[in-house]
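Per the working numbering: the sequence shown = residues 315 to 853.
To start, the structure under review is shown below, and the notes come after it.
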Amino acid sequence: MRNMLCFTFRRMSLMVVILVLISTFAWPRQQAEAAAAPVKGFYVSGTNLMDATGSPFIMRGVNHAHTWYKNDLAAAIPAIAATGSNTVRIVLSNGSRWSQDTLSDVQAILALCDQYKLTVMLEVHDGTGSDHPSDLNAAVNYWISIKDALIGKEDRVIVNIANEWYGSWNTDTWSSGYQSAIPALRNAGIRNTLVVDAAGYGQYPNSIFTAGKTVFDSDPLKNTIFSIHMYEYSGGNAATVTSNIDNALAIGVPVIIGEFGDRHTSGDVDEDTIMSHSRQKGVGWLAWSWYGNGGGVEYLDLATGPDGTLTAWGSKVVNGVNGTLATSVLNKIYTTPGYQPVPDGGTTPTATPSPTASATPAPTTTPGPTMTPGPTATPTATAQPTAAPTGNLVVEYRAGDTHAADNQIKPYFNIKNNGSTAVNLSELRLRYYFTKEGTQSLNATIDWAQMGAERITPAFAAASGTNADTYLELSFTSSAGMIPAGGQTGDIQLRVHKSDWSNFNEANDYSFDPLKTAYASWDQVTLHQNGALVWGVVP
């Protein structure tokens, strides 16, 4: 019996050793296979970043210093979305220099940004300017520790590995550091698009020109892009800007301008060329930064607070000819009917029609006057032209919510004055036409407006015409002021719902256009000045 037990024990021990040896060799292979597995999300195609629908995605947006202003998120994100941005770059901390942003913190950030249809680029700020590989490794370890927030979000979340890691103006250690960092993230199962900042605090793009392809090739998914931070050294004049963008693209990999300002400590920045040449080349950009700058660079604030008014710098980024309102297009996962989010595991399901949203009220995250009108007013009689009138005032529209069958209507507006004289806003009435499907009372909320929601008054009235039985009219108080010659109102974000939160059918609404996900002139919204129709076609 004793000999039999010894034999049995020796045989079991041998089997354990064999299993350990098998797992030792098999696990790295399994990790490598997982790292190289395809996933439905952002991906690189030549010099283009593609979204999960196969459409080119060009970032337009801002940086938000969340880790220093953790309590302002609920105010800042809706305000950033209101600028027309399609992307927000979020500053995080791994805890080595500032208070750590935990897994649950990051999950909350991503949920709020998703609600406002903002693609998110996350970055770790603690290693800024460091030449030590240990600080880059700390960023890698942080991403691995919160990877549960990233996996399954590859179609809407991008990972900027470490903000401005490697402050020196040379390439070798920068290159070798990222050639180790990228495979480590992939082996941990993180398959999101990765972003690598240039050396020299992001201002030495020569590191990209000379070693970027080698760094890119270290990614088994070939899903890494590069970022230049354009301040006085890398963006000081038009020649420098165009050369740096063109030379970065020449390696055959996408590049973005991850940060830029209109000036910086040691000189001017040619922000106009940054924005215009990026538009010409299909390059994304993210302006620095929403608010809260200190240490002598307060002029880099885009807004006066988390949901404050735009500064002159912010107005250029938002309202300029190459700004977010003019050039930003949402990630098409948010505008493609039937799109299904990426499942955990990366398989691609067959698209099915979008489900109807439940008729429960959504939380309001920004203040705005809500108005529940009494009996429906009689609309003012208006001539019905067969073509849009021509004039100096133009209404731009975009669909804040592209789903035709849910419990909210969300039209966003911008009024432009192309004339040579200022226009008093209190003279204007803007009308949006729809079918209300039912007898319930209607409520309107100005979620956000650049001029201030309190300066806009919504009201409803009956309408008659093709695909319209109601219109929503926006009027403006005397405190709204003027639209200067060549100016615009900026974003006006509106939300309409029924008193019982039942669903609308927007598919048959005269003014609704789900294809307008970026601002464009739209003549199925009308504008009236002192009672006369000056823009649009009445249904």
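A virtual CB, placed ideally from N, CA and C, is assigned to each residue, including glycine.
In this structure, Phe540 lies near Gly526, with their beta-carbon atoms less than 8 Å apart. Between Ser825 and Pro725, the C-beta spacing is below 8 Å.
CA-to-CA, the gap between Glu612 and Asn385 works out to about 20 Å. The beta strand (DSSP E) runs lying completely inside the stretch 383 to 458 and spanning 3 residues or more are 401 to 406 and 433 to 438, given in chain order.
In summary, Asn455 is exposed, with fewer than 16 beta-carbon neighbours lying within 10 Å of its beta-carbon over all protein chains present.
The three-state reading of DSSP puts Ser629 in helix, counting H, G and I together. Ala794 sits in a helix when the DSSP states are folded into three classes. Between Ala564 and Thr587, the gap from beta carbon to beta carbon reaches 8 Å or more. Asn451 and Ala495 have their alpha carbons spaced roughly 7 Å apart. Beyond the five residues adjoining it in sequence on each side, Val471 comes within less than 7 Å, by CB distance, of Leu424, Val434, Leu436, Leu464 and Asn506 in the same chain, given in chain order. Between Gly514 and Ser482, the C-beta spacing is below 8 Å. Between His378 and Trp604, the C-beta spacing is below 8 Å. Under the rule that a run must span 3 or more residues, the beta strand (DSSP E) segments found entirely inside the stretch 750 to 795 read 756 to 763, 770 to 779 and 782 to 790. A distance of 8 Å or more separates the beta carbons of Thr401 and Leu363. Boundaries of the beta strand (DSSP E) around Ser541: Thr538 to Met544. For Val555, the enclosing alpha helix (DSSP H) starts and ends at Ala552 to Leu563. The continuous stretches of alpha helix (DSSP H) do not include Thr361, and DSSP gives it neither H nor E.
In the DSSP annotation of this structure, the continuous segment of the beta strand (DSSP E) that includes Val471 starts and ends at Val471 to Asn474.
In the DSSP assignment, Trp599 falls within the unbroken beta strand (DSSP E) covering Gly598 to Ala601. In the DSSP annotation of this structure, the continuous segment of the alpha helix (DSSP H) that includes Phe523 starts and ends at Asn520 to Asp531. Thr538 and Leu600 have their C-alpha atoms some 17 Å from each other. Comparing C-alpha distances from Glu585 to each of Asp576, Pro655, Thr623 and Arg593 shows the shortest one belongs to Asp576. Bounds of the beta strand (DSSP E) holding Trp849 are Ala846 to Trp849. The three-state secondary structure of Asp365, taken from DSSP, is coil. By the criterion of at least three beta-carbon pairs nearer than 8 Å, the stretch 709 to 726 is in contact with the stretch 796 to 810.
The beta-carbon separation of Ile542 and Ile571, rounded to 6 Å, stays under the 8 Å limit for a contact.
Nearest Cα to Leu788 within the set Ala821, Trp815, Leu742 and Asp419: Leu742. Look at the beta carbons and you see the stretch 827 to 843 not touching the stretch 416 to 430: under three pairs across the two are nearer than 8 Å. Bridge partners of Lys730 according to DSSP: Val708 and Gln802. Around the beta carbon of Lys536, a 10 Å sphere encloses fewer than 16 other beta carbons of the protein chains shown; the residue is thus reported as exposed. Minimum Cα-Cα distance from Thr771 among the listed residues Pro620, Ala763 and Ser410 corresponds to Ala763. By a beta-carbon distance limit of 8 Å, Asp715 does not contact Asn817. Their separation comes to about 12 Å.
For Glu573, the enclosing beta strand (DSSP E) begins and ends at Val569 to Phe574. Excluding five sequence positions before and after Gln421, the CB atoms of its chain that fall closer than 6 Å to its own CB belong to Ala463, given in chain order. Counting only the Cα atoms, Asp827 lies some 20 Å from Thr367. Gln517 counts as buried, since at least 16 other C-beta atoms from the protein chains shown sit within 10 angstroms of its C-beta.
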